[in-house]
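*Asks:* Protein chains in written order, with our numbering: chain A, 1 to 333; chain B, 1001 to 1333; chain C, 2001 to 2333; chain D, 3001 to 3333.
There are 4 protein chains.
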Amino acid sequence: MVGIGVVGYGYWGPNIVRNFQGARFGSVKCICDTAPKSLERAKQYHPEIKVTTDFDTLLGDPEIDAVAIVTPVQTHYPLARRALMRGKHVFVEKPFTQSTAQAEELIEMAAESQLKIMVDHTFLFTPAVRKIKELIDNDVLGRLYYYDSMRVNLGLFQSDVNVIWDLAAHDLSIMQHILPRKPEAVVAAGQRHVNGVEDVAYIMVYFADNVIAHFNVNWLSPVKVRTTLIGGSKKMLVWNDLEADEKIKVYDKGVSTDDGAGLYDILVSYRMGDVWIPRLEQAEALRLETQYFFECIENDRTPFNDGVAGLRVVQMLEAANASLKNKGGVVYL
Amino acid sequence: MVGIGVVGYGYWGPNIVRNFQGARFGSVKCICDTAPKSLERAKQYHPEIKVTTDFDTLLGDPEIDAVAIVTPVQTHYPLARRALMRGKHVFVEKPFTQSTAQAEELIEMAAESQLKIMVDHTFLFTPAVRKIKELIDNDVLGRLYYYDSMRVNLGLFQSDVNVIWDLAAHDLSIMQHILPRKPEAVVAAGQRHVNGVEDVAYIMVYFADNVIAHFNVNWLSPVKVRTTLIGGSKKMLVWNDLEADEKIKVYDKGVSTDDGAGLYDILVSYRMGDVWIPRLEQAEALRLETQYFFECIENDRTPFNDGVAGLRVVQMLEAANASLKNKGGVVYL
Amino acid sequence: MVGIGVVGYGYWGPNIVRNFQGARFGSVKCICDTAPKSLERAKQYHPEIKVTTDFDTLLGDPEIDAVAIVTPVQTHYPLARRALMRGKHVFVEKPFTQSTAQAEELIEMAAESQLKIMVDHTFLFTPAVRKIKELIDNDVLGRLYYYDSMRVNLGLFQSDVNVIWDLAAHDLSIMQHILPRKPEAVVAAGQRHVNGVEDVAYIMVYFADNVIAHFNVNWLSPVKVRTTLIGGSKKMLVWNDLEADEKIKVYDKGVSTDDGAGLYDILVSYRMGDVWIPRLEQAEALRLETQYFFECIENDRTPFNDGVAGLRVVQMLEAANASLKNKGGVVYL
Amino acid sequence: MVGIGVVGYGYWGPNIVRNFQGARFGSVKCICDTAPKSLERAKQYHPEIKVTTDFDTLLGDPEIDAVAIVTPVQTHYPLARRALMRGKHVFVEKPFTQSTAQAEELIEMAAESQLKIMVDHTFLFTPAVRKIKELIDNDVLGRLYYYDSMRVNLGLFQSDVNVIWDLAAHDLSIMQHILPRKPEAVVAAGQRHVNGVEDVAYIMVYFADNVIAHFNVNWLSPVKVRTTLIGGSKKMLVWNDLEADEKIKVYDKGVSTDDGAGLYDILVSYRMGDVWIPRLEQAEALRLETQYFFECIENDRTPFNDGVAGLRVVQMLEAANASLKNKGGVVYL
């Protein structure tokens, strides 16, 4: 049984506590927040859990084997560092850190002490993403052509990070999880209009074999869109996360070429077949993820969404920011 | 009354002929195509119009004041050049030419001989684009933030031009027509998967005052999308060209900032109001455009979609291609 | 301050308790359920509220001024009757009773003792229904033509009532609330396929002045539909309750006739104008309704969704069932 | 080779002529219309076809084996009767006749003279209806529960027939074609608001084995809807005819009952599986139908959409009208 302490009980913290508390193989022993008001709320919903405003008190608690860090991104590195130094496994909100250097240091520390790091990319545990990964792993789509995602809506503006670090962090982690190849280079363009950080941005990621990914993120859209297109040589897929029941459509569509037709012409012909909407399992992603964290600790397994996976997302975010400053310009990873 | 000759009677030519023939202030006098089979079809539908396989015969016809060039893009420049040299007004398919140099030369020739050039950007005459232009001209949207368009579907693959020159040419011309400012720089990324030209591409265009435009074009999408989002400080707009009746939605949504709130924070608040779907007039774009060409010649007026407008689109296409080759470096216009 | 007791803590009861508990002007004093397991759950979430398995204990509690009856429909009448006899105001789940005779008796009892009855037609308190009522009250739609609603999905099958008493009860109460006229006759047709009660049914209601209403309810539909069309001489309205943000669309569309055109012909011409999607307020219906019940008791006001309103719905349900048995004969109200 | 004469060259006639003229195994020999202006149009598009204002001239033409009657419904019977008496096969617009008596007489006449009658229910030849029939014939849907169609839009108002004879005629013919059973009884309700005929109507049709059909037709709807739901024990189907590419969705959804559960309860459990969107062939319905008429004559085969099929639709229309007058009583067929 794993004992976990949770630091940060603001917007997302209550969900984390509730799910860790309901998971098998572990339970929440202490909640830490510097705001007394947050602790009062914690006390009300979870009278069985200790609370403290002092992170060192939490770290010193002998019941605690792991720490969940549910605080703003700029505090991820110092808090995770202190937790790892005290021999605690670490569960960190996304994005993992503010820089690759920070991420690499934490990964090294954890490796030396044989501690686990898990980065909370909750989307990876949704039934939709699990199904898409299964389809790609089983080569249902064939050779991949592109990954194209759009995540736009009005708000919520953040003042400390731009729209890339806020919204694209989701899609970059999903893409990295389901695409069986390493990104090679990043290009990004964007603009700021309202509060001094980019609120509209477009990111392109290059891969080997002509695979390209594209991310459209926008805090200033009048309509909410959460759609991803994935094109392959055998099948193509549309994932609309706003659909209640029919989130994933698999299209038996494609093109084929016949270059025997002539010396100069490549004839393109089209294949138009049925559409298939696979039934998705009913499961709560955060419940699966928190459970999985406990299981990885209990069974000494490395989670797939570990520090290294978190680092790869931070690398792309960092590269995107660098390209953004340069108004586009390719940044190799 | 303007007499016009049409060169090229393949896929688009019959529409051009039919619309010029039905327009007031002019009529089609001759159709030219090198394929006898095309001329047979022309003869069948339009027994009243002369046909020829020889462009010089068409140019020598004293009834002909203007020439419509409805041929592949690589022939636009030589054909338009010959027509202008023989003193004919010119109507050219989009994109205007293959290069800015060609476009500039044609514009100069026309100016010297006081001849008109019109580039067939048919979309500019659709009720939807006319309504959007009216809204922006009347400052309904307020200060502009972004212009974001998506034009994707499966096929039709072309072998001579990539997806940018094929699909983005439409959106760049529309954007240029309705946005009251000059583009400053272009970034583009894309990939080729099937027949040696880019079939997936993303283009970003920078403007003054933090306005940014973005174009997603794709020949390999399983679903057809024709959607443009335009964000402004007062209103935001979604144009879905695939909707039968409700193509344009105007959202009374937006954000405002209050920086009196504190030293370090900029508070962002949201405005969510009604949505308005303006009724669009019923009009056929190509009919309006062909009619307008005759009127401009008759009344000696410069069309808004003249050679200079066509040149600006070619400049952006050229810049996008240059950026594409560079994997996304910024290209200043 | 009103003290209320809630009887029935199954599927819907917890929502009722939570909302009454959060409302101003009153609070929940006791929860009654015959299932000890339900009371355990009640105890866990609301340790501050007394629980009992005995309805008479609840009725005898001097703190209790009103009783909320959240039990299956066949128990509404006996429980409400006992509550009224003990001088308690009554809040009853929909449908009010199993028969008009029961409803009339309860209304009379309440009137004699000057007690309030409110029937829980929650939909009447939703922002969408409030907006539609406002539009009709302000004559925005003009002379009404028809009211046409569709409420279909897969399940939830009930064994004690058919799909009319389950689903159409919602729509009949909404229609009656917003249409400013009395229904005159009912026709219904339906079929049973699965568990012995009708799972598919169609109801038509006749009104004066050629107004007609139609209800399509179905427990066996593969897709979920919650759409109502209302046609009027000035405007027409579509309410799609499954839309997140754009539930109500008001169409400036209609027809007009010109019978001066000829002796035998009535020419019909069409008006096609803009569409308007009014912004709806953000409000939780059940919170508004429970609050409103307390207010009506405190201020001795008759709620609009009182026993008489509940009776009118039961009358239509009863008539629909009678017509159903007759395979569709008209039943006058 | 079949020679056909077409009477009526108004709104639909040109489509009929064009398709018969392009079909194999026959051609149009003569067009008859009492309006000289219609004949002028006919002459312009089809200079190769004779025209006449006199129906007897057409009937007397020895080149003519069959007559297509494309005129208002009240003229179908007298014109078809004259054609049959002159030994011509007959192709008649839907609805077949104004009454069952008329239809029966024509069927008898044709039988005696061994002539073919085909009623133009074009929808039966669409790829969507052919696919649905195939699914039902192959028992993909299992035991049928219901057939529920909605066909509503604004206009086109007709002055001689009501919305049932106009719009429901389509759906009744489709239902009769794909449902493998005989309708037993009809109930209908509706209202008139604009020009003296019913513009809103609802029709229910009863079949054996608890199958029920329902038709919602409306000329006064602000939105256009063309949707049919078909529920079966194995699969359920939604046909949305307004979708460009994904007209038919087959849902692997259903319910099953387990009455071993208890003496009084029937437990209903739900099955939720994948959705399948079959690819439809690309074919023009009217071309297939006109071709099929010629083939039936050439090969002496009885068309499935013969007079008897047309009669069954007229029987239901007549019954619906009778029920309508009665405000909804059941009318047995």
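Cβ coordinates follow ideal geometry from the N, Cα and C atoms, glycine included.
Here the structure is a predicted model, which means the values were calculated and not measured.
Looking only at its own chain, which residues have a Cβ that is under 6 Å from the Cβ of S256(A), when we skip the five neighbours before and after it?
*Replies:* Within the same chain, S256(A) has close Cβ partners S269.
*Asks:* Determine the burial state of S2149(C): buried for a count of at least 16 other Cβ atoms within 10 Å of its Cβ, exposed for fewer.
*Replies:* buried
*Asks:* Please determine, among T228(A), L242(A), L179(A) and A244(A), the residue with the shortest C-alpha to C-alpha distance to V250(A).
*Replies:* T228(A)
*Asks:* For a test of the three-state rule: what should DSSP assign to D3338(D), helix, strand or coil?
*Replies:* This structure cannot speak to residue 3338(D), because chain D is shown only from 3001 to 3333.
*Asks:* On the three-state DSSP scale, how would you describe L2263(C)?
*Replies:* Its pLDDT being 48, under 50, L2263(C) is placed unreliably in this model, and the value from its coordinates should be taken loosely. Here L2263(C) sits in coil by DSSP.
*Asks:* Between which two residues does the beta strand (DSSP E) harbouring A111(A) extend?
*Replies:* A111(A) -> not in any beta strand (DSSP E); alpha helix (DSSP H) instead, spanning T100 to S113.
*Asks:* Counting C-beta neighbours from all protein chains within 10 Å, is the total for M175(A) 16 or more, i.e. buried, or is it exposed?
*Replies:* buried
*Asks:* Note down, in chain order, each residue of its chain lying with its Cβ closer than 7 Å to the Cβ of L2167(C), except the 5 sequence neighbours on either side.
*Replies:* Answer for L2167(C): R2151 and V2217, listed in chain order.
*Asks:* Is the beta carbon of Y3147(D) closer than 9 Å to that of I3203(D)?
*Replies:* no
*Asks:* Let me confirm a value: L59(A) is counted as buried when at least 16 other C-beta atoms fall within 10 Å, else exposed. Which label applies?
*Replies:* buried
*Asks:* May I have the straight-line CA-CA distance separating D171(A) from I107(A), to the nearest angstrom?
*Replies:* 22 Å
*Asks:* For A3185(D), return the contacting residues in chain C, with the cut-off set at a CB-CB distance below 7 Å.
*Replies:* K2327
*Asks:* Against P1036(B), what residues of chain C qualify as contacts under a CB-to-CB distance less than 8 Å, listed in chain order?
*Replies:* In chain order: nothing, as chain C lies at least about 46 Å away.
*Asks:* Along chain C, which residues have their Cβ under 7 Å away from the Cβ of M1272(B)?
*Replies:* R2279
*Asks:* Can you list the residues of chain B that I212(A) reaches, using a CB-CB cut of under 8 Å?
*Replies:* Listed along the chain, the chain B residues whose CB falls inside 8 Å of the CB of I212(A) are A1189, G1190, Q1191 and V1200.
*Asks:* Just to check my reading of the structure: G2310(C) and A2188(C) have Cβ atoms closer than 8 Å, yes? What is that Cβ distance to the nearest angstrom?
*Replies:* No, G2310(C) and A2188(C) are not in contact; Cβ-Cβ is about 20 Å, not under 8 Å.
*Asks:* With 9 Å as the threshold, decide whether the Cβ of D1252(B) is near any Cβ in chain C.
*Replies:* Taking Cβ atoms only, chain C reaches closer than 9 Å to D1252(B), which makes this a yes.
*Asks:* Counting only C-beta atoms, is A1309(B) closer than 9 Å to chain D at any point?
*Replies:* no
*Asks:* Short of 8 Å in beta carbon distance, which residues of its chain neighbour R1287(B), apart from the five on each side in sequence? Order them along the chain.
*Replies:* Here the set comprises N1019, G1022 and A1023.
*Asks:* Shorter than 9 Å from the beta carbon of D3148(D) to some beta carbon of chain C?
*Replies:* yes
*Asks:* So, is the C-beta of K249(A) closer than 9 Å to a C-beta in chain D?
*Replies:* yes
*Asks:* From this set, M1(A), V51(A) and S99(A), which residue's C-alpha is nearest G307(A)'s C-alpha?
*Replies:* S99(A)
*Asks:* Under 9 Å between C-beta atoms, does W3239(D) make it to chain A?
*Replies:* no
*Asks:* So F125(A) and A244(A) are supposed to be a Cβ contact under 8 Å. How far apart are they, rounded?
*Replies:* Between A244(A) and F125(A) the Cβ distance is about 19 Å, and since that is not below 8 Å, they are no contact.
*Asks:* Can you name the start and end residues of the beta strand (DSSP E) that D120(A) belongs to?
*Replies:* Residues I117 to D120.
*Asks:* Would you call L3263(D) buried or exposed, if buried means 16 or more other Cβ atoms sit within 10 Å of its Cβ?
*Replies:* Low confidence applies to L3263(D): its pLDDT is 48, below 50, so where it sits in the model is not reliable, and the reading given next is rough at best. By the 10 Å Cβ count, L3263(D) comes out exposed.
*Asks:* Are there three or more Cβ pairs, one per stretch, closer than 8 Å when the stretch 82-99 of chain A is compared with the stretch 131-140 of chain A?
*Replies:* no
*Asks:* Shorter than 9 Å from the beta carbon of A283(A) to some beta carbon of chain C?
*Replies:* no
*Asks:* Measuring alpha carbon to alpha carbon, tell me which residue in G1196(B), S1159(B), A1208(B) and I1164(B) is nearest R1181(B).
*Replies:* A1208(B)
*Asks:* Go through the stretch 125-172 of chain A residue by residue and report every complete run of the beta strand (DSSP E) that reaches 3 residues or more, in order.
*Replies:* 144-154
*Asks:* So, with DSSP's three-state summary, where would you put S2233(C)?
*Replies:* coil
*Asks:* Relative to the C-alpha of F2055(C), which residue among A2111(C), Q2044(C) and Y2009(C) is closest?
*Replies:* Y2009(C)
*Asks:* Using a C-beta to C-beta distance shorter than 7 Å, which residues of chain C count as neighbours of W1276(B)?
*Replies:* D2274 and W2276
*Asks:* Can you tell me whether DSSP reads G1013(B) as helix, strand or coil?
*Replies:* helix
*Asks:* Do you know offhand how far V1140(B)'s Cα is from M1236(B)'s?
*Replies:* 9 Å
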